[in-house]
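Chain order of the listed sequences is Z and W.
Under my numbering, think of the first position of the first sequence as 105, with each following residue one higher.
Under my numbering, think of the first position of the second sequence as 5, with each following residue one higher.
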Amino acid sequence: MFSTFLRHQWTAFWRSRNKGATIAAQVIMGIFALYLLGVCLLVGFVMEDLIYKFMPDKDVFMVFNGMILYYFAVDFIARLQIQELPTLSIVPYLHLNIPKRKLVSFLQFRSLLSVLNIFPLIIFFPFCFRNVWPEYGGFACTTYLVVIFSLVIFNNYAALYFKRVSAENIKIVIPAILVVAALAGLEYLQLFSIASFSDMLFSYIAVYPPVGLIFPVLAVVIFLLNDRYLKNNLYVEDLTAGEEKKSSTDYPFLDRFGAAGTLAALEIKLILRNRRPKATVTKALLLLFYGFLFYNRKVLENNDFAKMLFAAVFMTGNTILIYGQFMFGWQAAEFDGMLANKVNIRDFFRAKFILLTISASLLTVLTTFYSFLSWKILAVHFAAYLYNIGVSNILVLYFATRNYKYIDISKGAKFSWEGVSASTMLLSLPVLLSPYIIYFPLSIINPYIGLIGIAIPGIAGLFSRRYWINFLVREFEKRKHKIAAGFRERS
Amino acid sequence: MIIEINKLTKTYAGRKVTDIEKLTINTGETVGVIGNNGAGKTTLFRMLLDLIRPDSGEIVSKGVNVAENDHWKNYTASYLDEGYLIDYLTPEEYFIFIGGLQKMSVRQVMDYLQSYEEFFNGEILDRGKYIRDFSKGNQNKIGITAALMQQPELLVLDEPFANLDPTTQIRLKAHLKSLKSGNLTTMISSHDLNHVTDVCDRIILFEKGRVIKDIYTNENTLEELEAYFSQ
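As structure tokens, this is what we get:
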């Protein structure tokens, strides 16, 4: 039976309508995965030397032990982003004479076939054999292997379980994000460290291996939890429409913008009520942590704003970039109606500006939490913010008038190349690079003048918005039939 | 005369789907557009609503070429397919949005919908569902009602009877007839010959983009059309 299911999925893949794009995406992903596997294999075999090289003054086992839980913590977050729910189109099988048990087992089994489950094994196993065995003996080594394997299984099913539950009830995401943020904060402030906890735990396991048996138990528990959840929810109605009553909503604060406000409110509903745009915007919130990669004491002390600019433009404007790059594809499904109804195109563009400006403002306010590192960050963010709401959004909307690709907003976006075209890919380049063209020459005089230099075109763009709206309307009118025709072509 | 079509052509992949030398629609007429699949009915409607550009020729609505400016939107309402519906809205939100475009207040929209209670058969309002979760027939009802609500002078409906249950078909037919007045011009495409001959005063039959027959309905029309389609 399992082989039949797999064969059906295989056929479905090869016969899917936009086969070319899907296969291209899969091939690229495949090459990428192979490359990563190779890197992992290498890392696994030279782990000891790597640790010596990078941390010569530390104990090899301490570093290795510290790494394990750390890896799985990051792995868990990555899985939430990447790992897909193996729903397969299970609906056509539900009414057939196939025991439900089998369908559930297949879903469970299918989710294990993920490259994410192989990485940790080839990273950690070689070291266990080569170092743990000689040092602590065969029993300890076996325990290490069992624990790591159990952690893989645990993460695999825990991520899926979390995703399934959160798909049903979005509210549990908020405490989860808070917990992750709290842990990251504690780690950053060096109050609590996953690494030292992990080191403590595994040093203990190395000496008293039976303690490690708790991990297989945990893995089995989460597996059973997932199993029960699937068995109870394997009904057509659970797999399709939700049951909760949908109510009409209003955003009164947008009313003051008139017709454009109505259109902006419409788009907010689009984002909140459809899976793909919602995921895209949620991603924007996660990317707010991007700054931690770029902002460090040295950069701040040297006023080395060039190194921060990329992160600043990206964080304060990531909805403009990431949501904006697929415009107006989000509305592809109702685009004919938009054109044939009495929607004023100027209002249509004004609504986009309202939406992008509001989102960039919110993000900028959120990024003020970086100011606990230094007030200079506020200055950089503010310059980047002005640039984004004055220049980036015009660029993004101009490219939007050249985007003809339909996207299905009800589906998740994981590795979906739907709606991606050359123009959407090229879009982020000018937005992210042009601030540097302004900044570099001016920063020779003074880095702060460089920042002012970035803010000025932003302010100019804001004040000349009327002109730019007219310009965009003209561009749109030239190509609206082509856009509408593109959106009518579903995959 | 409200609509005037001159030398209109449209070609897809080397196949002419519209080829109209001259066609005029008079104010107040209810016109049925019929023809087999591929006759070019939807393409014609789309060009009429400036959704696609003709290869040549023009469609003039109240003296203005529809491709040149948006003036026609002030008095034209249409429903072609689900591509009109904003499927993540509740029906109420959708009606309010469409009504708002014609400067109708929320109150006016809700009052207006009251008179459609019977047509809705209790299946549309207050259901707590987004439009995407309705059946195709009910989605159709939403789209048609949204078009009618705008109280247009020109009404364009593409296959309004498709997917509707028998009761609703009959009610829609009665309603369309009751709307007939000197001001409202209606264009309806349909595959149901009974319905169009019943509702429309004029039938235009298309074949491969050309007008084959253009007749004012009388008691023999249905037979004539059936004869054409069964050959």
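Where a beta carbon is used, it is the ideal one built from N, C-alpha and C, also for glycine.
- As computed with DSSP, Thr34 of chain W is found in a beta bridge with W:Thr190.
- Around the beta carbon of Glu438 of chain Z, a 10 Å sphere encloses 16 or more other beta carbons of the protein chains shown; the residue is thus reported as buried.
- The segment 506-514 of chain Z and the segment 463-474 of chain Z do not touch, with fewer than three beta-carbon pairs separated by less than 8 Å.
- Residues of chain W with a Cβ closer than 9 Å to the Cβ of Asp440 of chain Z are, in chain order, Arg50, Leu53, Leu55, Leu84, Asp85, Gly87, Tyr88.
- Nearest CB-CB separation between Asp162 of chain W and chain Z: not below the 8 Å threshold.
- Neighbours of Gln106 of chain W in chain Z, taken as residues whose beta carbon is under 8 Å from its own, are Lys446 in chain order.
- Look at Asn78 of chain W: its C-beta is under 8 Å from a C-beta on chain Z.
- Among the residues facing chain W, Ala589 of chain Z is included, as its CB has a counterpart in that chain under 8 Å away.
- Following the DSSP letters along the chain, one finds Arg377 of chain Z inside the alpha helix (DSSP H) bounded by residues 362-377.
- Under the 8 Å criterion on CB atoms, Lys515 of chain Z is classed as non-interfacial with respect to chain W.
- Straight-line spacing of the CA atoms in Val178 of chain Z and Phe486 of chain Z works out to 31 Å.
- Annotated three-state conformation of Arg506 of chain Z is coil, per DSSP.
- Between the alpha carbons of Pro551 of chain Z and Ser496 of chain Z lies a gap of roughly 22 Å.
- Burial check for Thr247 of chain Z: the Cβ neighbour count within 10 Å reaches 16 or more, so the residue is buried.
- Gly103 of chain W is not a Cβ neighbour of Gly441 of chain Z, given a cutoff of 8 Å.
- In this structure the segment 471-490 of chain Z does not lie against the segment 102-119 of chain W, because fewer than three pairs of beta carbons, one per stretch, are closer than 8 Å.
- DSSP links Phe210 of chain W through a beta bridge to W:Val215.
- Of all residues in the segment 133-161 of chain W, those with a C-beta nearer than 7 Å to a C-beta of chain Z are Lys133, Tyr134, Asp137, reading in chain order.
- Annotated three-state conformation of Arg19 of chain W is strand, per DSSP.
- Rounded to the nearest angstrom, the gap between the Cα atoms of Ser300 of chain Z and Leu397 of chain Z is 22 Å.
- What His585 of chain Z touches in chain W, judged by beta-carbon distance under 7 Å, is Ile56, Arg57, going in chain order.
- Annotated three-state conformation of Glu405 of chain Z is helix, per DSSP.
- In this structure, DSSP gives Asp162 of chain W an extended state, which the three-state scheme calls strand.
- When the Cα atoms are used, Lys77 of chain W and Lys446 of chain Z turn out to be separated by approximately 5 Å.
- When DSSP states are grouped into helix, strand and coil, Tyr83 of chain W belongs to the strand group.
- Within the DSSP bridge table, the entry for Thr28 of chain W names W:Glu8 as partners.
- Against chain Z, the CB of Phe124 of chain W has no partner CB under 8 Å away; the residue lies outside that interface.
- Ranked by Cα distance from Ala369 of chain Z, the options W:Tyr120, W:Tyr79, W:Glu97, W:Arg206 are led by W:Glu97.
- Boundaries of the beta strand (DSSP E) around Val64 of chain W: 60-65.
- For Ile102 of chain W, the closest Cβ of chain Z is nearer than 8 Å.
- The alpha carbon of Asn448 of chain Z has as its nearest neighbour, out of Z:Asn406, Z:Leu367, Z:Pro534, the alpha carbon of Z:Leu367.
- For the C-beta of Lys350 of chain Z, the chain W residues within less than 9 Å are, from N- to C-terminus, Thr94, Arg131, Gly132, Lys133, Tyr134, Asp137.
- The C-beta of Asp163 of chain Z has fewer than 16 other C-beta atoms within 10 Å across all chains shown, which makes the residue exposed.
- In this structure Val21 of chain W is buried. Its beta-carbon is surrounded by 16 or more other beta-carbon atoms within 10 angstroms.
- Close to Leu140 of chain Z, with beta-carbon spacing below 8 Å, lies no residue of chain W; the smallest spacing is near 37 Å.
- The beta-carbon separation of Lys11 of chain W and Glu25 of chain W, rounded to 6 Å, stays under the 8 Å limit for a contact.
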